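As given, the protein sequences belong to chains A and B, one line each in that order. Take 1 as the starting number for the first sequence in the working numbering and just add one per residue. Take 1 as the starting number for the second sequence in the working numbering and just add one per residue. We put the CB at the ideal spot given by N, CA and C, even for glycine. Quantities reported herein were computed from a predicted structural model and do not represent experimental measurements. See structure below.
There are 2 protein chains.
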Amino acid sequence: MLKDWTASERPTPEQMDESLEQLRAKLTDRHVALGEKKLPVLIIFEGWGAAGKGSVLGKIIKNIDPRFFKVATMSVKTQEEERKPFLYRYFVKIPAAGKYMFLDGSYMDEVTTEFLHGDIDEEGFRKRMISIRQFERQLTDNGYLVLKFFFHIGKKEQKRRYEKLLEDKNTRWRVSENDLWQNEHYDKCLNVYDAYLRETNQSQAPWYIIDADNVKWAQQQILEIMVNGIDTALSNGALAVPILQNLFPLRKTVKLSEISLDGKSISDEEYDQELSKLQKKLSKLHNELYRKKIPVIIAYEGWDAAGKGGNIKRIVGALDPRGYEVHPIASPLPNEKARHYLWRFWNRLPKTGHIAIFDRTWYGRVMVERIEGFCSENDWQRAYNEINEFERDLTDWGAVVVKFFVHIDKDVQLERFNERMNTPAKRWKITEEDWRNREKWDIYEQAIDEMLAKTNTINAPWYVLESNDKKYARIKALKIIIKEIEKKI
Amino acid sequence: MLKDWTASERPTPEQMDESLEQLRAKLTDRHVALGEKKLPVLIIFEGWGAAGKGSVLGKIIKNIDPRFFKVATMSVKTQEEERKPFLYRYFVKIPAAGKYMFLDGSYMDEVTTEFLHGDIDEEGFRKRMISIRQFERQLTDNGYLVLKFFFHIGKKEQKRRYEKLLEDKNTRWRVSENDLWQNEHYDKCLNVYDAYLRETNQSQAPWYIIDADNVKWAQQQILEIMVNGIDTALSNGALAVPILQNLFPLRKTVKLSEISLDGKSISDEEYDQELSKLQKKLSKLHNELYRKKIPVIIAYEGWDAAGKGGNIKRIVGALDPRGYEVHPIASPLPNEKARHYLWRFWNRLPKTGHIAIFDRTWYGRVMVERIEGFCSENDWQRAYNEINEFERDLTDWGAVVVKFFVHIDKDVQLERFNERMNTPAKRWKITEEDWRNREKWDIYEQAIDEMLAKTNTINAPWYVLESNDKKYARIKALKIIIKEIEKKI
C-alpha cells in the first residue's frame with residue numbers, strides 16, 4: 001500500500017486555513033452525536049519516526065472536549081504488561097460508548113519493530129496479523145469505529161528532521177537509537193510496513209496514509225477522515241454482521257440430557273483421601289507453574305445451586321494465595337456495559353505464572369444475555385466465534401485454559417433451593433431470580449448444549465462436572481485441572 | 001483456512017431430515033423479503049472435483065421459485081469471454097435486486113487452475129487477488145449479499161469417487177484429465193486453495209468451508225448459512241460504508257475555472273487539413289490495434305451542447321465500422337437500475353482489438369446521480385475509488401483508456417441553446433431538462449472539479465477539450481487519442 005501510494009496534491013495555505021476552520025467546527029460538536037448513538041471511536045496514530053504524530057495529535061484533540069477523549073502513548077511495555085497476552089494492553093484501552101480513544105503508537109509499532117529486529121519470525125508475524133485482524137473485526141462487529149492513520153514521510157525528509165532535532169541540545173533527547181536505525185534501514189522498514197498495512201487493511205477498518213510533510217496538511221487530512229468516518233458510522237447505528245464459520249478444531253460433545261448423573265458419587269472416606277492427595281499435588285504444580293511462568297485460567301459455569309462455589313473453594317484450598325485470584329462475575333457495571341463484552345475479562349486476566357478462576361464467565365453472552373435478550377441475536381450468534389478467538393489468544397500466549405460446566409438435574413436443584421429457603425444461614429444464597437431462571441430450565445439447557453458444542457475447542461476444552469454429588473464433582477475438577485496443567489509443564 | 005479447518009460433527013440421519021425440512025421451509029419464502037428489500041444475493045460454489053457441488057446445488061435450488069434465481073456454470077470461457085477483462089464474465093452475471101445468482105465454479109477455480117498450471121506467476125496471482133477482493137467489496141458495499149462455499153473432501157475420498165465414476169461407462173465422461181491431475185497433486189492444490197481462501201476471506205464476504213462427505217449434510221450446512229446470511233442482510237438494509245483512501249497515483253488537475261477557453265480556436269482551412277491528416281493516421285492505428293488485439297475505451301463527458309456528438313462523429317469517421325461501437329448512455333433501464341451501477345458498463349466493454357466510445361459514462365454516478373440525489377452521499381463518495389478500481393482493471397487488461405471532458409462557458413451554452421430553439425431541425429436536441437441543468441451550472445462545476453481531481457489517474461487520465469470552438473476540440477481529441485494509442489503500441 002505504501003508503495004502504491006502517492007501524496008495527493010496539497011492545497012494552498014489559504015485553502016488549508018479555510019478547510020481547517022470548517023473541519024474543526026464540525027468535529028467540535030460530534031461528541032454529542034457520539035453520546036446519543038453510543039458510538040465508541042478508536043483512533044490509531046502510526047508512522048515513521050519524526051513524522052509528527054505527536055504534534056498533530058496534540059492539535060486534533062484541541063477540538064474535542066476533554067471529557068470525551070483519552071490519549072494513550074503505547075511506547076514501552078510495563079513489567080505488568082510484559083506478563084500479559086500480546087493484545088492485552090490494547091484491549092484494556094478500548095474506549096467506552098460515546099468516547100474517543102487515541103492510541104499514539106499501537107500494535108503495528110510493536111509487531112513491526114519485533115519483526116525488524118528478529119524478535120519474532122515470519123510465522124510469529126503471521127500469527128500476530130491474524131490476532132490483529134480478529135481484534136479489529138471484533139471491535140467493528142461490536143459497533144466500534146476504528147480509524148487507522150499512517151504518517152508518511154520520505155527518507156531524506158526524515159533524515160533532515162532528525163538532524164535538526166540533534167542540532168539543538170533541548171531536542172536532542174527526542175532522537176533515539178532506534179530512530180536512527182530506522183532511517184538507516186528505511187527501505188527495509190518500508191517493506192515491512194507495507195506488508196503490515198496490506199495484511200491489516202480491512203474494509204471495515206481501512207488504513208489511511210497521511211502525507212505528513214506538512215503539519216497543517218496532515219491535520220486537515222485527519223480531520224476530514226475523522227468527520228467523514230464518524231458521520232458514516234453514526235448514520236448506520238447497530239448492524240447485523242455475517243456470522244463467520246468456526247475454523248477451530250472442536251472436540252466431540254454430548255448433550256446434557258445424554259450425560260448420566262446417577263452413580264457419579266464418592267464415599268466420604270474416599271473423598272477425604274483423594275481430596276488431600278490431589279490438593280497436595282496441585283499445590284506442588286502451582287509452584288512449578290509459577291517458576292515456569294505458565295498462566296492458568298479456570299472458568300466455571302453451571303446451574304444455580306450446582307455447587308460452583310464449594311468446588312472453587314476446594315481448588316483454591318490447594319493454592320498459595322499470592323498466586324491466584326477468584327473473579328466472581330455478576331452483571332456488568334456501567335463502565336463495563338459501555339464496552340466490548342470481553343473487555344471486563346481481558347481486564348481480569350492473570351499474569352504469567354498466576355491462576356485466575358472465574359465464577360461465571362464470558363459465556364454469559366450466549367446464556368443469560370441470549371435468553372434474557374440483553375444482546376441481539378446477531379450478537380450472541382457471533383459470540384461463539386469471538387469467544388473461540390479470545391481463548392485461542394490465551395492459549396497462544398501459553399495459558400492453560402480449563403472450562404467447567406457444573407451439572408445437576410432439576411430435582412436436585414429443587415431440593416437444594418428448598419434447603420436454602422429453610423436454612424436461615426443459607427437463605428441469602430437464594431433469590432427470586434433463581435426461581436425465575438429455574439422456570440426457564442429447558443431453554444437454558446438448549447443454549448448450554450449449543451454453547452458446549454460450538455466452543456469445545458481442542459485448545460480450550462469443556463468438562464462437564466456431574467455434581468448431584470458435590471464431592472464427586474470436586475474430585476473430578478481437581479483431577480482435570482492437574483491433568484491439563486501437567487500437559488503444559 | 002482449509003488447513004486449520006476440521007469438520008464439525010455430523011448430526012444423525014434423523015436429525016438431518018428434521019433440520020433440512022425446517023431449513024427448506026424457511027428458505028422457500030425468503031424471496032418475498034428479498035424482493036421487498038431489493039436484496040441481490042450472489043452465491044458461489046467452489047471446491048474439489050467430485051465433491052458434489054452440482055448435485056447439492058440441484059437440491060438447494062429446488063427450494064426456490066424459478067422466477068427468483070439463475071444458475072451459471074462457469075467452466076470453459078467462450079471465445080467472446082477470452083477477449084474481455086478477467087472479471088468480465090463474472091461481473092455481467094451479478095444478480096438483480098431481489099434475485100439469487102448461483103455460480104457453479106467462479107474466479108477461484110479460474111485463478112487457482114491458471115496458477116497451478118503455471119499460466120500466471122506469483123505476481124499475476126497476487127494481482128488477481130486484489131481485483132477479486134475489490135470486486136467482492138464493491139458488491140457488498142453496494143448492498144449485495146455474497147456467500148461463498150468451498151466443498152471439501154479428502155484425497156482418499158476424492159479418489160474413491162473418481163474410481164466409482166470411471167467404473168461405469170455412463171459416468172466415465174464426468175472425470176476429466178484435470179480432475180485426475182488434481183487428485184494426484186492433492187497436497188499441492190491444497191496449498192494453493194488454502195492461500196486463495198485466506199487471501200479472499202473478507203469479513204463482509206467470508207468463506208464457508210463445507211464438509212462434503214455426505215450430500216445431505218452438505219445441503220444442511222449450506223441452507224443454514226444461506227438462511228442466516230439472508231436474515232442478517234435483510235435486517236440491515238442500506239448501509240453507509242467507510243470511504244477508502246485513494247491509492248491510485250494521480251496526475252495534477254486544474255479547476256475548470258482556471259482553464260482559458262479564449263483563443264482555443266482553429267481556422268477552417270487548418271481544420272480541414274488537420275482533420276484529414278489525423279483521421280488517416282487514426283485509421284491506420286485502428287488496423288494496428290486490431291492486429292495487436294489492444295482494446296480502446298474512449299469516454300466522453302461534458303456540458304449540454306458542448307459538442308460531444310460532433311466530436312465523436314469526427315472520431316468514428318476515421319474508423320472501420322466493424323471495429324468500434326458508440327454507446328450513448330441515458331438513464332439506466334429498470335434491469336440496469338436493479339444492479340451495481342457499473343454493471344451496464346461492464347456489459348458494454350469492447351473485445352480486444354476493438355474500440356468502444358461512451359457518450360456519457362459511469363461518471364454519471366458522481367455528477368447527475370450525486371446532484372439529483374439518485375444515490376446516497378455515501379454512494380457517490382465511495383464511487384471515486386470504485387471507478388478508479390474499475391479503470392485500473394481495464395488498463396491492467398491492456399486497454400487504452402482516454403477520458404474527455406468537453407468544456408464550454410455558460411454564454412456559449414446559452415447561444416447554442418437559443419440556436420437549437422430557433423432552428424426547427426435542431427429543436428429535438430433541446431429539452432426542458434437542459435434548461436434545468438443549466439440553472440445548476442455552479443453545483444455541476446463543483447462536482448466536475450471534484451471528479452476531475454479524484455479520478456485523474458496516471459493510467460486513465462482526463463483531458464479537458466476546450467470546445468467554445470468545436471473544431472478546435474475535435475482536432476485536440478484526435479491528437480490525444482492518437483498519442484495515447486501510440487503509447488501502447
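**Request:** Identify which residue in A:G49, A:I120, A:V56 and A:V71 has its Cα closest to the Cα of A:K155.
**Result:** Position 155 of the first sequence holds residue 155 of chain A. Put simply, of A:G49, A:I120, A:V56 and A:V71 the residue whose alpha carbon is nearest the alpha carbon of A:K155 is A:G49.
**Request:** Output the boundary residues of the alpha helix (DSSP H) element that contains A:P13.
**Result:** On the first sequence, residue 13 of chain A is found 13 positions in, with the first residue counted as 1. Annotation for A:P13: the continuous alpha helix (DSSP H) segment containing it runs P13 to T28.
**Request:** Could you tell me which of B:I44, B:L87 and B:E80 sits nearest to B:D104, measuring between CA atoms?
**Result:** Taking the second sequence and counting its residues from 1, one reaches residue 104 of chain B at position 104. It is B:I44 whose Cα lies nearest to the Cα of B:D104.
**Asked** Any residues in the region 236-263 of chain A with a beta carbon nearer than 8 Å to a beta carbon of chain B? Which ones, in chain order?
**Response** N236, L239, A240, V241, P242, I243, L244, Q245, N246, L247, F248, P249, L250, K252 and T253
**Request:** Have a look at A:Y363 and A:E301 and give me their C-alpha separation to the nearest angstrom.
**Result:** Counting from 1 along the first sequence, the entry for residue 363 of chain A is found at position 363. Counting from 1 along the first sequence, the entry for residue 301 of chain A is found at position 301. Between A:Y363 and A:E301, the C-alpha separation is close to 8 Å.
**Item:** CB contact below 7 Å: B:Y208 versus chain A
**Value:** Residue numbering aside, residue 208 of chain B sits at position 208 when the second sequence is read from its first letter. It does: the Cβ of B:Y208 has a partner Cβ on chain A nearer than 7 Å.
**Request:** Please check if any C-beta of chain A sits within less than 7 Å of the C-beta of B:N228.
**Result:** Indexing the second sequence from 1 puts residue 228 of chain B at position 228. So, interface residue.
**Message:** So A:Q202 contacts chain B; which residues on that side make the cut at Cβ distance below 8 Å?
**Reply:** Here the question's residue 202 of chain A lines up with position 202 in the first sequence. Ordered by position in chain B, the residues that pass the 8 Å Cβ test against A:Q202 are Q202 and S203.
**Message:** I want to see whether chain B comes within less than 7 Å of A:W5, judged by CB atoms only; does it?
**Reply:** Reading the first sequence from its first residue, position 5 is the one you call residue 5 of chain A. So yes, A:W5 belongs to the interface.
**Collapsed DSSP secondary structure at B:T457 in the structure displayed** = Sequence index remark: in the second sequence, residue 457 of chain B carries index 457 (1-based). Strand at B:T457.
**Asked** From which residue to which residue does the beta strand (DSSP E) around B:V401 run?
**Response** Position 401 of the second sequence, counted from the first residue, corresponds to residue 401 of chain B. Note, B:V401: beta strand (DSSP E), V400 to H407.
**Asked** Is there at least one Cβ from chain B nearer than 7 Å to A:R137's Cβ?
**Response** Indexing the first sequence from 1 puts residue 137 of chain A at position 137. Chain B contact via Cβ: present.
**Prompt:** From what residue to what residue does the beta strand (DSSP E) around A:D104 run?
**Reply:** As a position in the first sequence, residue 104 of chain A is number 104, starting the count at 1. Its beta strand (DSSP E) spans residues Y100 to D104.
**Message:** Please identify, using Cβ separations under 8 Å, the residues of the region 375-392 of chain A that lie next to chain B, in order along the chain.
**Reply:** N378 and Q381
**Request:** Please say whether A:V402 and A:I329 have beta carbons closer to each other than 7 Å?
**Result:** Looking up residue 329 of chain A in the first sequence gives position 329. Looking up residue 402 of chain A in the first sequence gives position 402. With respect to A:V402, A:I329 sits apart: the two C-beta atoms are not nearer than 7 Å.
**Message:** I'd like the list of long-range same chain contacts for A:T28, defined as Cβ closer than 7 Å, with 5 residues on each side in sequence excluded.
**Reply:** Taking the first sequence and counting its residues from 1, the one referred to as residue 28 of chain A is at position 28. So the list reads N63, once near-sequence residues are dropped.
**Item:** Proximity below 7 Å, CB of A:K476 to CB of A:L465
**Value:** Taking the first residue of the first sequence as 1, we reach residue 476 of chain A at position 476. Taking the first residue of the first sequence as 1, we reach residue 465 of chain A at position 465. Going by C-beta atoms, A:K476 is nearer than 7 Å to A:L465.
**Asked** Buried or exposed: A:S283, going by 16 or more other Cβ atoms within 10 Å of its Cβ?
**Response** Against the first sequence, residue 283 of chain A aligns to sequence position 283. Exposed: under 16 other Cβ atoms inside 10 Å.
**Helix, strand or coil at A:Y463 [DSSP, three-state]** = On the first sequence, residue 463 of chain A is found 463 positions in, with the first residue counted as 1. A:Y463: strand per DSSP, three-state reduction.
**Request:** Residues of the region 421-455 of chain A with a CB closer than 8 Å to any CB of chain B: list them in chain order, please.
**Result:** A453
**Prompt:** Quick one, which of B:Y88, B:A305, B:S267 and B:Q273 has its alpha-carbon nearest B:L342's?
**Reply:** Within the second sequence, the letter at position 342 stands for residue 342 of chain B. Measuring from the Cα of B:L342, the nearest candidate turns out to be B:Y88.
**Item:** Inter-stretch contact (C-beta, 8 Å, three-pair minimum) for the region 440-451 of chain A and the region 369-389 of chain A
**Value:** Yes, the region 440-451 of chain A touches the region 369-389 of chain A.
**Prompt:** Going along the chain, which residues of the region 9-33 of chain A sit with their C-beta nearer than 9 Å to a C-beta in chain B?
**Reply:** E9
**A:E224 to A:I61 span [Cα, whole Å]** = Translated into the one-based positions of the first sequence, residue 224 of chain A becomes position 224. Translated into the one-based positions of the first sequence, residue 61 of chain A becomes position 61. Looking at the two C-alpha atoms, the distance is approximately 14 Å.
**Request:** Can you tell me which of the three DSSP states A:W5 falls into?
**Result:** As a first step, residue 5 of chain A is located in the first sequence; it is residue number 5 there, counting from the start. In the structure shown, A:W5 sits in coil (DSSP, three-state: anything other than H, G, I, E or B).
**Prompt:** Is DSSP giving A:T112 helix, strand or coil here?
**Reply:** As a first step, residue 112 of chain A is located in the first sequence; it is residue number 112 there, counting from the start. A:T112 sits in a helix when the DSSP states are folded into three classes.
**Message:** Here's the rule: buried if 16 or more other CB atoms are within 10 angstroms of the residue's CB, otherwise exposed. What is B:E9?
**Reply:** Position 9 of the second sequence, counting from 1, holds the residue named residue 9 of chain B. Classification for B:E9: exposed.
**Message:** For a contact defined as C-beta to C-beta under 7 Å, what are the partners of A:T78 on chain B?
**Reply:** Numbered from its first residue, the first sequence carries residue 78 of chain A at position 78. Going along chain B, no residue has its Cβ under 7 Å from A:T78, so there is no contact; the nearest lies around 32 Å.
**Message:** Contact criterion: CB-CB distance below 7 Å. Does A:T232 meet it with respect to chain B?
**Reply:** Residue numbering aside, residue 232 of chain A sits at position 232 when the first sequence is read from its first letter. Interface residue, yes.
**Item:** Among B:D231, B:I355, B:C189 and B:T73, nearest to B:T113 - alpha-carbon criterion
**Value:** Numbered from its first residue, the second sequence carries residue 113 of chain B at position 113. Answer by Cα proximity: B:C189.
**Item:** Residue from B:M226, B:R322, B:V241 and B:I315 whose Cα sits closest to the Cα of B:H31
**Value:** Taking the second sequence and counting its residues from 1, the one referred to as residue 31 of chain B is at position 31. Between B:H31 and the set B:M226, B:R322, B:V241 and B:I315, the nearest pair of CA atoms involves B:M226.
**Prompt:** Rounded to a whole number of angstroms, what is the C-alpha to C-alpha distance between A:N183 and A:F151?
**Reply:** The residue labelled residue 183 of chain A in the question sits at position 183 within the first sequence. The residue labelled residue 151 of chain A in the question sits at position 151 within the first sequence. A direct Cα-Cα distance of roughly 15 Å separates A:N183 from A:F151.
**Asked** For B:H185, which of helix, strand or coil comes out of DSSP?
**Response** Here residue 185 of chain B corresponds to residue number 185 of the second sequence, with the count starting at 1. Of the three classes helix, strand and coil, the one that applies to B:H185 here is coil, per DSSP.
**Request:** Ignoring anything shorter than 4 residues or poking outside the region 316-380 of chain A, list the alpha helix (DSSP H) runs there in chain order.
**Result:** Along the region 316-380 of chain A, the alpha helix (DSSP H) occurs as fully enclosed runs of 4 or more residues at 334-337, 343-346 and 368-371, listed in sequence order.
**Request:** Could you name the residues that DSSP lists as bridge partners for B:L42?
**Result:** Your numbering for residue 42 of chain B matches position 42 in the second sequence. DSSP, once it has assigned bridges, lists B:M101 and B:V146 as partnering B:L42.
**Prompt:** Going along the chain, which residues of its own chain have a beta-carbon closer than 6 Å to the beta-carbon of B:Y208, five neighbours each way excluded?
**Reply:** To locate residue 208 of chain B, count along the second sequence from 1; it is residue 208. Correct list, in chain order: F149 and I225.
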